[in-house]
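First the structure, in the form of structure tokens, and then the observations on it.
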Amino acid sequence: MSADHYGWRANIYVGWLRGDDGTRTRVAIKTMRVSHEDPIEIKRRLIIETAVWVDLDHPNILKFLGLAPDLGSYGVPALVSPYCEKGTVDDYLRLHPNTNTKLFIIKGVASGLQYLHQRDVVHGNLKPSSILIYDDGRALLCGFGSSRILTQQSPTKLFVATRYDAPEFIGSNTMGPNKPTDVYSFAMTCYRIWTNTKPFADLASDSSVIVAVILEQARPAYPTSDIPPGTDLVWKILEDCWKTEAEKRLEVSVAMERLAKINIPA
382 MSADHYGWRA NIYVGWLRGD DGTRTRVAIK TMRVSHEDPI EIKRRLIIET
432 AVWVDLDHPN ILKFLGLAPD LGSYGVPALV SPYCEKGTVD DYLRLHPNTN
482 TKLFIIKGVA SGLQYLHQRD VVHGNLKPSS ILIYDDGRAL LCGFGSSRIL
532 TQQSPTKLFV ATRYDAPEFI GSNTMGPNKP TDVYSFAMTC YRIWTNTKPF
582 ADLASDSSVI VAVILEQARP AYPTSDIPPG TDLVWKILED CWKTEAEKRL
632 EVSVAMERLA KINIPA
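Next comes the structure, spelled out in structure tokens:
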């Protein structure tokens, strides 16, 4: 059976979950792509993701509905969550590019990230593909495979660095994600949402971005065309979130407070 959607290391199928009262809920079933050589490592990552995700309960966090052992492969169970028909934030904004919609989404992402940080949880892989849009237009953070609870887990680096990652994270082979790296990724993700342009769009490869960010301390340029109203206010927040020195970046709670003060006439 072919998947309905494909992630980096997972296939996503759409199904139905029947409740005790007979009602049916449309769900996404995430199955890890597993070869016979790596099920132990896949299980380890799944345990990490589930351990973090299962206790999260917030309007801007994708809800964890459970594990489906019979739907996985090589003994690795599938993950079940609500199905978000509107897709990722990129999918949604292609159809709804309104400035107030973008601001609403950014505020939702900040609220979800603030909730995580208040619980000493770091997301660890924040980028547009880890933000889904629910039926009512809410942003939902997902993709907790790189997440960790700061007080319980040792730093782990599981994924290849991307243009959304902080310079100190990119430049280390051993450093795990933390709150300041989340804040940097939040800023880069918001840049993508606000401008419809991926960070460092003039650089084709992530490796080129890594060189520019680490060696040249490069940051995205202020937009020069199609500038949405409110850009100056949003931009100042982004600049304070993607500072090179991790200790100088805003805490997400402060970014949230500043975002809450921005209102754009419809």
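Residue numbering for the sequence shown follows the numbering used here, beginning at 382 and increasing consecutively.
Glycine included, each C-beta is placed from N, C-alpha and C at the ideal position.
Residue burial is scored here from C-beta neighbours: Thr-576 has at least 16 other C-beta atoms within 10 angstroms and is therefore classed as buried.
For the segment 567–645, the full-length alpha helix (DSSP H) segments reaching 4 residues or more read 587–596, 612–622 and 633–641 along the chain. According to the DSSP assignment, Lys-411 belongs to no alpha helix (DSSP H) but to the beta strand (DSSP E) extending over 405–413. In the DSSP secondary-structure assignment, Thr-469 is bridged to Leu-513. Between Leu-474 and Leu-427, the C-beta spacing is not below 9 Å. Short of 6 Å from the beta carbon of Arg-630, and not among the five residues preceding or following it, lie these beta carbons of its own chain, in chain order: Pro-561, Val-564, Cys-622 and Lys-624. The Cβ neighbour count for Val-592, taken over all protein chains shown within 10 Å, is under 16; the residue is labelled exposed. DSSP places Ala-432 in the uninterrupted alpha helix (DSSP H) bounded by 420–434. A residue is called buried when at least 16 other Cβ atoms come within 10 angstroms of its Cβ; Thr-412 meets this threshold and is buried.
Non-local beta-carbon contacts of Leu-398 in its own chain, meaning distances under 6 Å to residues more than five positions away in sequence, involve Thr-406 and Val-408 in chain order. About 17 Å separates the beta carbons of Leu-443 and Pro-458, which is beyond the 8 Å limit, so they are not a contact pair. Cβ neighbours of Phe-525 within its own chain (closer than 6 Å, five residues either side excluded): Glu-430, Val-433 and Trp-434.
Distances from the CA of Ala-582 to each of Tyr-545, Asp-517 and Gly-552 were compared; the closest alpha carbon is that of Tyr-545.
In the DSSP assignment, Pro-463 is bridged to Val-408.
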